[in-house]
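Engineer:
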Amino acid sequence: MSVGGDEVEGAGIIIRRLSSREEFEEFGRVEMSVWGGQYPPPPELLRAIADNGGLVLGAFHGEKMIGILLSFTGFNGGRIYHYSHQAGVLAEYRDKGVGFMLKMTQRSEVIKMGLDLIIWTFNPLMARNAFFNVGKLGAIVRCYMRNYYGLMNDELNRGIPTDRVIAEWWINNKRVNGWRPIKVSDPLQYPQVIATVPVEGGPYRLPVHVIKPTSDPLMLEIPADLLSLRDALGESAVNAWINAYRDAFDFLLGENYHATDVVSSNGRVFYVFTRSDEDLGQSICNMAHGKEAARLDD
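Residue numbers (my numbering): 745 to 1042.
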């Protein structure tokens, strides 16, 4: 990946800032394709963000926009940071490193702004996002929010509460280069926070109950494919996982654990939670919401 001016290029893909109304309109079309929504962001809003401390990035393969990223500078609890609202890639271009290029371009631009933290929300039950955000980028998780966006009707969120976690990406931290406080090779050898059982006749697992071990590290299982589980078993299965995660995060964050990695074994996926003593500073969640940070109700 090479960097030059406002463009990043690699493997035939160019990442650059968007600047014209036509590009902002195309951004909206890509957004609707990625998330299945019906209401793209107004080009006027994208222009305002792009011209006032925000980033509106496009990933291009030739002349075709194949990925997007939208972020802006935020302020909360006395800290200035960059808030990453959206990052997505068209389905046919996923698993080709485009999302990683978008995020690394964002990191480079935010470092130029003099900031050291980028945050965003994601669904903690989506293993694909967990692997990317925590496992690959090196973000940490120590804030859980219940039904953060309210009920939504897009393809990814229909019918289920929008519980989210905040990814804290400390972009000058050694985590960005792959360092982790604890390396876990076999997650099944460590205590589990949620006991799960396999569903007869299928590849899925469902939570049974939440356990509250106090060793370090702890493993929190993630459904290997949440959308496939929803399609096969229905929304009740997803809600069972959501309820288990609410209880699990109440315990974990209340005991000062935070997610530091994502690992897999035999088709099962786990967050690694630790109480590592590295100095990460106060979480954005704590700054904004005080002692109730571990669990924000809708």
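For glycine and all other residues, C-beta sits at the position ideal for the given N, C-alpha and C.
(1) Classify N877 as buried or exposed, calling it buried when 16 or more other Cβ atoms lie within 10 Å of its own Cβ.
(2) Among the residues of its own chain, which have a CB less than 7 Å from the CB of L846, if the five just before and after it don't count?
(3) From the DSSP output, which residues share a beta bridge with T865?
(4) Assuming Y948 and L973 form a contact by the criterion Cβ under 8 Å, report the distance between their Cβ atoms to the nearest whole angstrom.
(5) In or out: H826 buried (at least 16 other Cβ within 10 Å) or exposed?
(6) Using alpha carbons as the reference points, say which of P967, L834, Q782, I904 lies closest to H805.
(7) Could you pull out every residue in the same chain whose Cβ sits closer than 8 Å to the Cβ of G1011, ignoring the five residues on either side in sequence?
(8) Quick one: Cα of V937 to Cα of L964, how far?
(9) Who are the near neighbours of K1035 in its chain, counting only those whose CB is closer than 6 Å to its CB and skipping five residues on each side?
(10) Put Q936 into one of helix, strand or coil per three-state DSSP.
(11) Since Y837 sits in a beta bridge, which residues does DSSP pair it with?
(12) According to DSSP, simplified to helix, strand and coil, what is I759?
(13) For A984 and R872, what's the separation of their Cα atoms in angstroms?
(14) Roughly how many whole angstroms lie between the Cα atoms of P905 and E775?
(15) Please identify the residue among L881, L869, H953, P784 whose C-alpha is closest to the C-alpha of Y888.
(16) Kindly indicate which residue of T817, V1006, L859 has the alpha-carbon position closest to the one of S929.
Structural biologist: Judging by the given coordinates:
(1) Within the sequence shown, residue 877 is the residue found at index 133, counting from 1. Buried.
(2) Reading the sequence shown from its first residue, position 102 is the one you call residue 846. Cβ neighbours of L846 beyond the five flanking positions: I759, L801, A803, G811, L813, A831.
(3) For the purposes of this step, residue 865 is taken as residue 121 along the sequence shown, with counting starting at 1. According to DSSP, which records beta bridges pairwise, T865 is partnered with I910.
(4) Here residue 948 refers to the residue found at position 204 when the sequence shown is read from its first residue. Here residue 973 refers to the residue found at position 229 when the sequence shown is read from its first residue. Sure, about 5 Å apart at Cβ, within 8 Å.
(5) By one-based count along the sequence shown, residue 826 stands at place 82. Per the 10 Å Cβ criterion, buried.
(6) Position 61 of the sequence shown holds residue 805. Minimum Cα distance to H805 is reached at L834.
(7) Taking the first residue of the sequence shown as position 1, residue 1011 is located at position 267. Once the five neighbours on either side are set aside, the close Cβ partners of G1011 are P947, A968.
(8) By one-based count along the sequence shown, residue 937 stands at place 193. By one-based count along the sequence shown, residue 964 stands at place 220. Cα to Cα, V937 sits roughly 5 Å from L964.
(9) By one-based count along the sequence shown, residue 1035 stands at place 291. Model confidence at K1035 stands at a pLDDT of 36, short of 50, so the residue's coordinates are unreliable; what they give is reported in the following sentence. There are no such residues.
(10) Looking up residue 936 in the sequence shown gives position 192. Here Q936 sits in strand by DSSP.
(11) Locating residue 837 in the sequence shown gives position 93, where the first residue counts as 1. Paired residues: none, contrary to the question.
(12) By 1-based counting over the sequence shown, the position of residue 759 is 15. I759 falls in the strand class under three-state DSSP.
(13) For the purposes of this step, residue 984 is taken as residue 240 along the sequence shown, with counting starting at 1. For the purposes of this step, residue 872 is taken as residue 128 along the sequence shown, with counting starting at 1. In a straight line, the C-alpha of A984 is about 19 Å away from that of R872.
(14) On the sequence shown, residue 905 is found 161 positions in, with the first residue counted as 1. On the sequence shown, residue 775 is found 31 positions in, with the first residue counted as 1. So the two alpha carbons sit approximately 21 Å from each other.
(15) Against the sequence shown, residue 888 aligns to sequence position 144. Among L881, L869, H953, P784, the Cα nearest to that of Y888 is on L869.
(16) Here residue 929 is taken as the residue at index 185 of the sequence shown, counted from 1. Nearest C-alpha to S929: V1006.
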